[in-house]
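Novice: Take this structure first; my questions come after.
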Amino acid sequence: MTIDLFILVLVAFMVVAGLIAVEASDLLSAVIAVGAAGFALSVIDLLLGAPDLAFPQVLVEVITVVLLIRMIMTRRDTSRQTPRDTLRTAAVLLAGGVFLVTAFLAAGGLGMTGNIPAFGDPLLAKDAHADAAGAPVLAEDPVGVSAQYLAGSASQTGAANTVMGILLDYRGYDTLGEATVIFVAILGGYVVLRKVGRKRGSEAQPS
Amino acid sequence: MKGMTLIVRNVAGLISGFVMMYGLYVVATGHLAPGGGFAGGVIIMAGVVMLVLAFGGDRAKALLDEKRCHVIDASGALVFAVVALLGLFLGGFFKNFLPVGKVHEFFSGGTILISNVAIGVKVAAGLVGIFLALIVATRQVMPKE
Chain A
1019 MTIDLFILVL VAFMVVAGLI AVEASDLLSA VIAVGAAGFA LSVIDLLLGA
1069 PDLAFPQVLV EVITVVLLIR MIMTRRDTSR QTPRDTLRTA AVLLAGGVFL
1119 VTAFLAAGGL GMTGNIPAFG DPLLAKDAHA DAAGAPVLAE DPVGVSAQYL
1169 AGSASQTGAA NTVMGILLDY RGYDTLGEAT VIFVAILGGY VVLRKVGRKR
1219 GSEAQPS
Chain B
97 MKGMTLIVRN VAGLISGFVM MYGLYVVATG HLAPGGGFAG GVIIMAGVVM
147 LVLAFGGDRA KALLDEKRCH VIDASGALVF AVVALLGLFL GGFFKNFLPV
197 GKVHEFFSGG TILISNVAIG VKVAAGLVGI FLALIVATRQ VMPKE
């Protein structure tokens, strides 16, 4: 329970850091806020028992922050702050709202069939335990979800390729996140590489 | 970016069709054999990139500009999300609402085939778009004398 509370505090810290990163007026504070959010995420990984995820997170975070700060040092930010676009803000808020509603419904709100297990509920091979040497031993009748995936993939999803049956049927939610990561990365590439849009201070039209 | 020599252009023209065909095959049979949308999309993208490198960016730009790539990319992502949402209203998020069919037949696996094609289109178009954007950025940094 205390760990849950600690994680909640860290998540709140990450949200605040993200808001600061978006709203900060100079780039250096934005980069530092992004780094803070990343380190909080790695601490959460550690608390949830995923050190193999936490180490890459720390590494990537250090490298990213160093690279971004190096970029900021060399190139002076001459872009001018543009006034807020009401339509754009409304579109972003709308998209965020749709996401939250979808997540709420998918998690079982309003009587929809929620099939997402409770937070921190161990899913994989509940009956598995380690023997004296530390090697995992499966119980004779494993009820864990991985065994059910393997047993039911052909009959339930109809996919001869079990990997695809798990990726796009049982764990479609994860694949959606994966596709979102690629989508956002490509969007970021466009934003950095695009020709128009970033007006220099001297070229920007007075508005 | 200028194109390469006649030999390279001819070989690339001959091979790239097969490469893209193989990519389409990997996407379409993701539910039957190893592969799927992510891998197949990258293979299709490799075929397109080979053509762009061999024939030069200008001829490729006439067919595919970044904006069009981005539209295709976003529509692929939209189809994937719509499949997921349809499942939500027919029983559960990402529910496989189409008939499952017989294992090992092409039309089996319900929504897996649709999702695979959507992801393949999305990955291929997105990466080609990034490649074209990189060509433009390189040209901007190093203008011709």
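Protein chains in written order, with the numbering used here: chain A, 1019 to 1225; chain B, 97 to 241.
Think of the CB as a built atom: it goes at the ideal place given N, C-alpha and C, for glycine as much as any other residue.
Give the straight-line distance between the Cα atoms of alanine 108 (chain B) and alanine 142 (chain B), rounded to the nearest whole angstrom.
Specialist: Their backbone Cα atoms lie some 11 Å apart in a straight line.
Novice: Check for me: the alpha helix (DSSP H) holding arginine 155 (chain B) runs from which residue to which?
Specialist: Looking at the DSSP string, the run of the alpha helix (DSSP H) that includes arginine 155 (chain B) is 153 to 159.
Novice: From valine 1061 (chain A) to glycine 222 (chain B), what distance separates their C-alpha atoms?
Specialist: Rounded to whole angstroms, valine 1061 (chain A) to glycine 222 (chain B) spans 33 Å at the Cα level.
Novice: Leaving out five residues before and five after lysine 198 (chain B) in sequence, what residues of the same chain have Cβ atoms less than 8 Å from its Cβ?
Specialist: Only Ser204 meet the Cβ criterion.
Novice: The alpha helix (DSSP H) that contains isoleucine 1050 (chain A), what's its start and end?
Specialist: Note, isoleucine 1050 (chain A): alpha helix (DSSP H), 1045 to 1065.
Novice: According to DSSP, is threonine 101 (chain B) part of a helix, a strand, or is it coil?
Specialist: Looking at threonine 101 (chain B) - three-state DSSP - the assignment turns out to be coil, as it is neither helix nor strand.
Novice: Tell me whether the beta-carbon of aspartate 1187 (chain A) lies closer than 8 Å to the beta-carbon of asparagine 192 (chain B).
Specialist: Yes. Within cutoff.
Novice: Does the region 119 to 128 of chain B come within contact of the region 150 to 157 of chain B, defined as at least 3 CB pairs closer than 8 Å?
Specialist: Contact fails: fewer than three Cβ-Cβ distances are below 8 Å.
Novice: For glycine 1195 (chain A), count the other beta carbons within 10 Å of its own beta carbon; 16 or more makes it buried, fewer makes it exposed. Which is it?
Specialist: With fewer than 16 Cβ atoms within 10 Å of its Cβ, glycine 1195 (chain A) is classed as exposed.
Novice: With 8 Å set as the bound, which would you pick, yes or no: does the beta-carbon of leucine 1085 (chain A) sit closer than that to a beta-carbon of chain B?
Specialist: So no, leucine 1085 (chain A) is outside the interface.
Novice: Quick one, which of B:Met146, B:Phe185, B:Val213, B:Lys163 has its alpha-carbon nearest leucine 1123 (chain A)'s?
Specialist: Closest option to leucine 1123 (chain A), Cα to Cα, is B:Phe185.
Novice: Using C-beta distances below 6 Å, list every residue in its chain close to valine 224 (chain B), excluding the 5 sequence neighbours before and after it, in chain order.
Specialist: Correct list, in chain order: Met141, Val144, Cys165.
Novice: Given a cut-off of 8 Å on the beta-carbon distance, is the pair alanine 1042 (chain A) and alanine 1048 (chain A) in contact?
Specialist: A contact, by the Cβ cut-off of 8 Å.
Novice: Tell me which residues of the region 202 to 213 of chain B have at least one Cβ-Cβ distance to chain A shorter than 7 Å, keeping chain order.
Specialist: Here the close residues are Ser204, Gly205, Gly206, Ile208, Ser211, Asn212.
Novice: For valine 175 (chain B), which residues of its own chain have a beta-carbon under 6 Å away from its beta-carbon, when the five flanking residues on both sides are left out?
Specialist: Contacts found: Ala214.
Novice: Please decide whether phenylalanine 193 (chain B) counts as near chain A, where near means a Cβ-Cβ distance under 8 Å.
Specialist: Phenylalanine 193 (chain B) does not count as touching chain A.
Novice: Along the chain, which unbroken stretches of the alpha helix (DSSP H) at least 4 residues long are found entirely within the region 1158 to 1201 of chain A?
Specialist: Here the runs fully enclosed are 1163 to 1175, 1180 to 1183.
Novice: In or out: aspartate 1070 (chain A) buried (at least 16 other Cβ within 10 Å) or exposed?
Specialist: So aspartate 1070 (chain A) counts as exposed.
Novice: If you count every other CB in all the chains shown that lies within 10 Å of the CB of lysine 218 (chain B), and 16 or more means buried, which is it?
Specialist: Buried, by the Cβ-count rule.
Novice: Which residues of the region 1176 to 1202 of chain A have a Cβ closer than 9 Å to any Cβ of chain B? Give them in chain order.
Specialist: Taking 9 Å as the Cβ-Cβ cut-off against chain B, the residues of the region 1176 to 1202 of chain A that qualify are Gly1176, Ala1177, Ala1178, Asn1179, Val1181, Met1182, Gly1183, Leu1185, Leu1186, Asp1187, Tyr1188, Arg1189, Gly1190, Tyr1191, Thr1193, Leu1194, Glu1196, Ala1197, Thr1198, Ile1200, Phe1201.
Novice: Expressed to the nearest angstrom, what Euclidean distance is found between the alpha-carbon atoms of glycine 126 (chain B) and threonine 1180 (chain A)?
Specialist: The straight-line gap from Cα to Cα measures roughly 10 Å.
Novice: Compute the distance between the beta-carbons of glutamate 162 (chain B) and leucine 228 (chain B), then report whether it is under 8 Å.
Specialist: Yes; because the gap between Cβ atoms is below 8 Å, this pair is in contact.
Novice: Whose Cβ in chain A lies nearer than 8 Å to the Cβ of leucine 120 (chain B)?
Specialist: Simply none; closest approach about 16 Å.
Novice: Can you check the region 157 to 234 of chain B for any alpha helix (DSSP H) of at least 4 residues that lies completely inside it and give the ranges in chain order?
Specialist: Listed in chain order, the complete alpha helix (DSSP H) runs (minimum 4 residues) inside the region 157 to 234 of chain B are 162 to 185.
Novice: Closer than 7 Å by beta-carbon distance: list the chain A residues that pair up with isoleucine 215 (chain B), in chain order.
Specialist: Simply Ala1197.
Novice: So, for serine 1225 (chain A): in the same chain, excluding its five sequence neighbours on each side, which residues have a beta-carbon less than 6 Å away from its beta-carbon?
Specialist: Only weak support exists for where serine 1225 (chain A) lies, its pLDDT of 41 falling under 50; the value from the coordinates is given anyway. Around serine 1225 (chain A): no qualifying Cβ.
Novice: Chain B partners of glycine 1207 (chain A), CB-CB under 7 Å?
Specialist: Within chain B, the residues near glycine 1207 (chain A) are Ile226, Ala229.
Novice: Give the DSSP-derived three-state secondary structure of glycine 126 (chain B) in the structure shown.
Specialist: DSSP places glycine 126 (chain B) in coil when its eight states are reduced to three.
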